[in-house]
Amino acid sequence: MVDPAPKTAAPAPPEGEEVEIEFHGFFRLYKNGRFERLVGTDKVPASLDPDTRVESKDVTIDQDTGVSARLYLPPVAINQKLPVLVYFHGGAFCLESSASPTYHRHLNTLSSLTPLLAVSVEYRLVPEHPLPAAYDDSWAAIRWVFSLTDPWLAEHADLDRVFLAGDSAGGNIAHNMAIRVREFPETGITIKGVALIHPYFWGSEPVGSEITDPEFRAEMNKIWNFLYPGTTGPDDPKVNPFADGAPNLALLGCEKLLVTVAENDPVKHRGKAYYEKLKESDWGGEVELLETPDAEHVFHLFSPDTEEAKGKIKILVNFFNKQ
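Residue numbers (the numbering used here): 58 to 380.
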C-alpha cells in the first residue's frame with residue numbers, strides 16, 4: 058500500500074482546511090471530513106487492444122451495489138478453455154480502478170502472455186464505501202465467476218484453473234478471499250492458486266526489520282482505522298494475518314501460492330513473514346517467494362517496460378501456467 062511517490066508534487070491544501078491524513082501525495086483526508094484523491098482517478102474504456110489483440114468489456118455483477126468487472130479475453134479458438142484470473146487492483150482501498158490505464162495495460166499483458174481470461178474486479182472504494190465493502194464485493198465477484206452467467210466465462214473458463222491475484226491492497230483482498238473460500242465450502246468454489254503481489258499487511262508490533270519509527274507506525278494505524286471504521290485496530294485479522302484470533306494460514310483455500318516483495322518496500326517484511334509462516338503451517342500446498350532487488354512497491358506497474366518489470370511478469374505467467 059506504500060506506493061512510489063507521485064512524479065509531480067501534490068497541490069497545496071486549500072487555505073483554511075486542516076489536513077487529518079496526508080498519504081504520500083496520493084490522497085488527503087481533511088479534518089472537516091472531506092476526502093481528496095490526488096492521483097488514481099484516470100480511466101480508459103474497454104477495447105480491443107491493438108498490440109496484444111486482447112478484447113475487453115465491462116460487465117455489471119450486482120445491480121444493487123453497482124459492483125462490476127472488466128473482462129479480458131485473448132485471441133482464442135471457439136470453445137477453447139482458459140485459466141481464469143480474478144484480479145484485485147491496488148490503491149489503498151480508496152484509489153484506482155479496474156479501468157485505470159495502469160491496470161488496463163497490466164491485465165492486457167497478463168491475459169495475452171499466459172494466455173488467460175482475466176476478471177478485474179471494480180470493487181467499491183473508501184471513503185464512500187468503507188471496508189468491508191471491498192471484501193464483500195470481491196467475494197461477490199468470485200461467486201459470479203463460478204456461476205458462468207457471462208458468455209465469455211461460459212465458453213472459455215476452466216473452473217479447475219481459477220487463480221486469485223492482487224497487488225498491495227489487492228493482495229490483501231486476495232488473501233482474505235482465499236480464507237473465505239474455506240469458510241464457505243458449500244459454494245463449491247475451488248481456487249488453483251493465489252498470487253500476493255507486494256501485499257499490504259500491517260500490525261501493532263514490528264515484524265522482522267520493519268520500520269519502528271513511532272510517527273510512521275501511528276500514521277499507518279490511523280490510515281487503517283480510516284479505511285475500516287469498524288475495525289478492532291491494526292491487529293484486525295483482515296490486515297494482520299498473524300494476529301491472535303486470525304484464521305490459521307493452513308486454512309487457505311488454494312493449492313499453491315506465490316508471494317512477491319520488493320527490497321525497498323516498507324511492507325516487504327510482512328510478505329516475507331507470511332511466506333515463512335505458511336511454510337511452517339500444516340497447509341500442505343506449494344508456496345514460493347520472490348524478492349526483487351533494489352525495487353520499490355509495485356514497481357512493475359509504474360515502470361512496466363523495464364527488464365525488472367518484464368521479469369516479474371514472466372514469474373507471474375509461469376505461476377499461472379505451471380501445472
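The beta-carbon is built from N, C-alpha and C at its ideal position, and this holds for glycine as well.
Cα-Cα separation between Ala190 and Arg181, rounded to whole angstroms: Your numbering for residue 190 matches position 133 in the sequence shown. Your numbering for residue 181 matches position 124 in the sequence shown. Answer to the nearest angstrom: the Cα atoms are 6 angstroms apart.
Completely contained alpha helix (DSSP H) runs for the stretch 269–329, where each covers 4 or more residues: 271–284
From Trp196, Ala231, Pro184 and Pro102, residue whose alpha carbon lies closest to that of Trp281: Here residue 281 refers to the residue found at position 224 of the sequence shown. With distances taken between Cα atoms, Trp281 lies closest to Pro184.
Leu167 - partner residues in DSSP beta bridges: Residue 167 sits at position 110 when you count from the first residue of the sequence shown. Looking at the DSSP assignment, Leu167 forms no beta bridge with any residue, so it has no partner.
The stretch 199–208 / the stretch 151–167 touching (three or more Cβ pairs under 8 angstroms): no
Assigned exposure category for Val251 - 16 Cβ within 10 Å defines buried: Walking along the sequence shown from the start, residue 251 turns up at place 194. Val251 comes out buried.
Stretch pair the stretch 256–265 + the stretch 329–341: three plus CB contacts closer than 8 angstroms: Note that the stretch 256–265 touches the stretch 329–341; at least 3 beta-carbon pairs, one per stretch, sit closer than 8 angstroms.
CA nearest to the CA of Ser338, picked from Ala307, His354, Gln137 and Ser360: Along the sequence shown, read from residue 1 onward, the residue named residue 338 stands at position 281. Nearest option by C-alpha distance: Ala307.
Given 8 angstroms, three or more beta-carbon pairs between the stretch 162–169 and the stretch 123–140: yes
Cβ distance (whole Å) where Val355 is taken to contact Ser225 below 8 angstroms: Within the sequence shown, residue 355 is the residue found at index 298, counting from 1. Within the sequence shown, residue 225 is the residue found at index 168, counting from 1. That belief holds up - the Cβ atoms of Val355 and Ser225 are roughly 6 angstroms apart, short of 8 angstroms.
Ala352: first and last residue of the uninterrupted alpha helix (DSSP H) it sits in: In the sequence shown, the residue the question calls residue 352 occupies position 295. For Ala352, there is no enclosing alpha helix (DSSP H), as DSSP marks it with neither H nor E.
Three-pair Cβ contact test at 8 angstroms for the stretch 349–366 versus the stretch 293–303: no
For Ala175, the nearest candidate out of Lys114, Leu347, Asn305 and Gly341 (CA to CA): Locating residue 175 in the sequence shown gives position 118, counting from the first residue. Here the closest residue by C-alpha is Lys114.
Cross-strand partners of Asp224 (DSSP beta bridge): Here the question's residue 224 lines up with position 167 in the sequence shown. Asp224 pairs with Ile254.
Proximal residues to Lys88 (C-beta, below 6 angstroms), its chain only, five neighbours per side dropped: If you number the sequence shown from 1, residue 88 lands on position 31. Contacts found: Glu75 and Glu77.
Every unbroken beta strand (DSSP E) within the stretch 62–125, with a cutoff of 3 residues, ordered by chain: Correct list: 76–80, 84–87, 92–94 and 112–117.
Limits of the unbroken beta strand (DSSP E) element including Pro140: Working through the sequence shown from its first residue, we reach residue 140 at position 83. Residues Leu139 to Phe145.
DSSP state of Asp217 mapped onto helix, strand, coil: Position 160 of the sequence shown, counted from the start, is the residue given in the question as residue 217. Three-state DSSP puts Asp217 in a strand.
Environment of Ser177 [buried if 16+ CB atoms lie within 10 Å]: Here residue 177 is taken as the residue at index 120 of the sequence shown, counted from 1. Classification for Ser177: buried.
Residue span of the alpha helix (DSSP H) that contains Ala156, given as start and end: Numbered from its first residue, the sequence shown carries residue 156 at position 99. Ala156 -> no alpha helix (DSSP H), and no H or E assigned at all.
Element boundaries [alpha helix (DSSP H), containing Ala190]: Your numbering for residue 190 matches position 133 in the sequence shown. Its alpha helix (DSSP H) spans residues Ala190 to Ser204.
Closer than 6 angstroms: Arg218 CB and nearest the ligand SAM heavy atom: The ligand SAM is absent from the structure shown, which contains no ligands of any kind.
Spatial distance of Leu315 from Pro71 (CA atoms): For the purposes of this step, residue 315 is taken as the residue at position 258 of the sequence shown. For the purposes of this step, residue 71 is taken as the residue at position 14 of the sequence shown. Those two C-alpha atoms are separated by around 43 angstroms.
Residue environment, Ala235, which counts as buried when at least 16 other CB atoms sit within 10 Å: Walking along the sequence shown from the start, residue 235 turns up at place 178. Counting Cβ neighbours within 10 Å, Ala235 comes out buried, since at least 16 surround it.
Cβ-based burial, Phe241 [other Cβ within 10 Å; buried from 16]: As a working mapping, residue 241 is identified with position 184 in the sequence shown. Its Cβ having fewer than 16 others within 10 Å, Phe241 is exposed.
Bridge partner(s) assigned by DSSP for Glu343: Within the sequence shown, residue 343 is the residue found at index 286, counting from 1. BP columns for Glu343 point to Lys313.
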